[in-house]
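Trainee: Take a look at this one; I'll ask things after.
In the UniProt record's numbering, the protein residues as written are 1 to 81.
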């Protein structure tokens, strides 16, 4: 029963984190100018730097999802067989 609880936790955690990643990407694509204006009040960043920070953040977040959610989930799935 304990493995099932951990499996469900990792499954829902993976789904929620991918939903956050997709929402971040969609917000960046569709509301980039608004985000740029909001962050531009605090930081003076060129457009290329602003884009690089967001794409780099999305990449690090995605790697974190893969390492801490998806890989343990797959390991539990393989152990259950």
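Ideal Cβ positions, reconstructed from N, Cα and C, are used throughout, including at glycine.
When the Cα of residue 21 is compared with those of 77, 10, 40, 59, which residue comes out closest?
Mentor: Mapped onto the chain shown, residue 21 falls at position 21. Per the Cα distances, 59.
Trainee: Would you check if there are 3 or more beta carbon pairs closer than 8 Å linking the stretch 6–17 to the stretch 28–47?
Mentor: No, the stretch 6–17 is not in contact with the stretch 28–47.
Trainee: Is it buried or exposed for residue 10, if we count other Cβ within 10 angstroms and need 16 for buried?
Mentor: As a position in the chain shown, residue 10 is number 10, starting the count at 1. Looking at its Cβ environment, which holds 16 or more other Cβ atoms inside 10 Å, residue 10 is buried.
Trainee: Of all the alpha helix (DSSP H) runs that stay within the bounds of the UniProt domain "DUF6868" (3–79), which reach a length of 4 or more residues?
Mentor: Correct list: 32–40, 47–65.
Trainee: Hey, how far is the Cα of residue 38 from the Cα of residue 44?
Mentor: Mapped onto the chain shown, residue 38 falls at position 38. Mapped onto the chain shown, residue 44 falls at position 44. Distance between the alpha carbons of residue 38 and residue 44: 11 Å.
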